[in-house]
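Q: Just dropping this structure here.
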Amino acid sequence: HCNKTDQQKIAAVLSALDAKIDCNNRINAELEAMAKTLYDYWFVQFDFPFDFAAGKPAANGKPYKSSGGKMVYNPTLKREIPLGWEDKILSQIANITMGQSPPGKSLNETGDGIEFFQGSTDFGWQFPTVRQYTTKPARMAKQGDILLSVRAPVGDMNVANIDCCIGRGLAALNSKGGFDGFLFYVMQYFKKIFERRNSEGTTFGSITKNDLHSLPLAYPSNELLEEYDKIVSRYNKMVFVRSMENQQLAQLRDWLLPMLMNGQVTVV
Numbered sequence: 205h206c207n208k209t210d211q212q213k214i215a216a217v218l219s220a221l222d223a224k225i226d227c228n229n230r231i232n233a234e235l236e237a238m239a240k241t242l243y244d245y246w247f248v249q250f251d252f253p254f255d256f257a258a259g260k261p262a263a264n265g266k267p268y269k270s271s272g273g274k275m276v277y278n279p280t281l282k283r284e285i286p287l288g289w290e291d292k293i294l295s296q297i298a299n300i301t302m303g304q305s306p307p308g309k310s311l312n313e314t315g316d317g318i319e320f321f322q323g324s325t326d327f328g329w330q331f332p333t334v335r336q337y338t339t340k341p342a343r344m345a346k347q348g349d350i351l352l353s354v355r356a357p358v359g360d361m362n363v364a365n366i367d368c369c370i371g372r373g374l375a376a377l378n379s380k381g382g383f384d385g386f387l388f389y390v391m392q393y394f395k396k397i398f399e400r401r402n403s404e405g406t407t408f409g410s411i412t413k414n415d416l417h418s419l420p421l422a423y424p425s426n427e428l429l430e431e432y433d434k435i436v437s438r439y440n441k442m443v444f445v446r447s448m449e450n451q452q453l454a455q456l457r458d459w460l461l462p463m464l465m466n467g468q469v470t471v472v
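Dropping the structure here:
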């Protein structure tokens with residue numbers, strides 16, 4: 205049984221852990237917002253930095269479209285895109301694995317087999333929460349893959365922080381060209397489109413393999429993708445490290461709490 209001083213000390217330890225988790229979340233939200241804004245400027249508004257004299261993207265260049273960069277009408281996308289860009293569909297730039305549920309009998313909560321995520325109900329802030337395992341995995345996602353919810357709410361995303369098995373509610377994506385940072389924000393952009401369709405009343409409970417494979421996008425030059433990924437992969441690494449740290453801090457807090465309460469561990 206704790207006296208009042210002990211209780212205050214315990215509260216201080218727990219609130220210090222919570223404050224650190226909260227601080228990490230705020231930094232992550234800022235980093236994500238910056239990467240998203242950059243994607244919007246470069247790939248939606250087409251104001252990526254461009255060296256007009258050299259005729260190529262450059263970190264210290266002028267914003268392409270606002271500085272009079274040449275735009276060309278693309279009949280497939282039904283809009284103007286920068287000269288030299290092309291239209292592609294998602295399956296040309298990403299490896300896509302549609303989830304498939306393993307046999308019900310193989311599922312367990314005792315850690316037998318491999319981690320299994322059924323759908324977006326398993327999603328956390330950035331990584332999914334492990335609730336179930338399967339001894340007969342059907343479809344796998346690799347560590348670092350984007351996990352996309354293909355059932356309502358369509359478009360929600362997490363990142364696989366481990367190799368795992370994915371169920372029918374998810375698809376796993378990774379970039380064919382190694383531009384995972386770009387792909388992540390392409391999918392954020394598509395999420396906005398799904399949300400818009402939903403708000404216009406065309407609610408769709410799921411997205412099919414064909415729909416997903418054929419999502420159209422304007423695809424830039426490799427030079428520009430390399431510039432973007434240089435910046436964003438640095439952001440993503442920082443977000444990843446902080447998210448992993450938060451998982452460990454939350455585990456530590458949940459492990460400490462009962463021991464502090466029943467006096468097994470004391471705070472000096």
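Heads up: take any position in the sequence shown, counting from 1, add 204, and you land on my numbering. A virtual CB, placed ideally from N, CA and C, is assigned to each residue, including glycine.
Where does GLN322 land, buried or exposed, given buried means 16+ other C-beta within 10 angstroms?
A: It is buried - the Cβ of GLN322 has at least 16 other Cβ atoms within 10 Å.
Q: Mind checking TYR268: buried by the 16 CB within 10 Å criterion, or exposed?
A: Result: buried.
Q: Quick one: any contact between the segment 321-339 and the segment 361-371, if contact means 3 or more CB pairs under 8 Å?
A: Contact between the segment 321-339 and the segment 361-371 is present, because at least three Cβ pairs lie under 8 Å.
Q: Distance check for PRO357 and SER403, CA to CA, integer angstroms please.
A: Answer to the nearest angstrom: the Cα atoms are 12 Å apart.
Q: Which class does ASN362 belong to by DSSP, given the choice of helix, strand or coil?
A: In this structure, ASN362 counts as strand in the three-state DSSP scheme.
Q: Among LEU242, THR209, LEU461, GLN451, whose alpha-carbon lies nearest the alpha-carbon of LYS434?
A: Checking every option, the nearest Cα to that of LYS434 belongs to LEU242.
Q: Starting from the C-beta of LYS260, find all residues in its chain whose C-beta is less than 7 Å away, skip the five residues before and the five after it, and write them out in chain order.
A: Result list for LYS260: GLU427, in chain order.
Q: Is the CB-CB distance between THR301 and ARG343 below 8 Å?
A: Yes, the pair counts as a contact, with Cβ atoms nearer than the cut-off.
Q: When the Cα of LYS340 is compared with those of ALA263, GLU399, PRO307, PHE327, which residue comes out closest?
A: Among ALA263, GLU399, PRO307, PHE327, the Cα nearest to that of LYS340 belongs to PRO307.
Q: As a quick exercise: from LEU352, ASP349, ASP360, THR314, pick the residue whose alpha carbon is nearest that of THR338.
A: Minimum Cα distance to THR338 is reached at THR314.
Q: The beta strand (DSSP E) spanning ASN299 covers which residue range?
A: It spans 298-302 - the beta strand (DSSP E) in which ASN299 sits, taken as one unbroken run.
Q: So, does the segment 411-423 touch the segment 445-452, judging by three or more C-beta pairs under 8 Å?
A: They do not touch, by the three-pair rule.
Q: For the candidate residues ARG400, ASN414, GLY467, whose alpha-carbon lies nearest to that of ARG294?
A: The sequence given here places Leu at residue 294; Arg does not occur at that position. The option with the nearest alpha carbon to LEU294 is ASN414.
Q: I'd like to know whether the C-beta atoms of GLY272 and PRO253 end up nearer to each other than 8 Å.
A: Contact flag unset, no.
Q: Quick check: ASN232 and VAL471, are their CB atoms within less than 8 Å of each other?
A: For ASN232 and VAL471, no; Cβs fall outside 8 Å.
Q: Indicate whether ARG372 and SER305 have their beta-carbon atoms separated by less than 8 Å.
A: Their beta carbons are under 8 Å apart, which means ARG372 touches SER305 by this criterion.
Q: Could you give the C-beta distance for PRO327 and ASP360, rounded to a whole number, given that I count them as a contact under 8 Å?
A: The question names Pro, yet the displayed sequence has Phe at residue 327. With 8 Å as the limit, PHE327 and ASP360 qualify as a contact, their Cβ atoms being about 6 Å apart.
Q: Helix, strand or coil for PRO307? Go by DSSP, reduced to three states.
A: Three-state result, PRO307: coil.
Q: Tell me, which residues are paired with GLU284 by DSSP?
A: Per DSSP, TYR277.
Q: For my contact list, LEU352 and LEU387 are in at a C-beta cut-off of 8 Å; report their separation, rounded to the angstrom.
A: The pair is not a contact, with the Cβ atoms about 11 Å apart (cut-off 8 Å).
Q: Quick one: residues in its chain with C-beta nearer than 6 Å to the C-beta of VAL248, no 5 flanking neighbours on either side, listed in chain order?
A: Around VAL248: no qualifying Cβ.
Q: What is the DSSP secondary structure of SER410, reduced to helix, strand or coil?
A: Here SER410 sits in strand by DSSP.
Q: Measuring CB to CB, does LEU221 end up less than 8 Å from LEU456?
A: Closer than 8 Å, so yes.
Q: Specify the secondary structure class of ASN378 as computed by DSSP and reduced to three states.
A: Residue state, collapsed to three classes: strand.
Q: Have a look at LYS208, ASP210, ARG230, ALA216 and flag the residue whose alpha-carbon is nearest the alpha-carbon of TRP329.
A: Here the closest residue by C-alpha is ARG230.
Q: Tell me whether ARG335 sits in a helix, a strand or coil according to DSSP, three-state version.
A: Note: ARG335 maps to coil in three-state DSSP.
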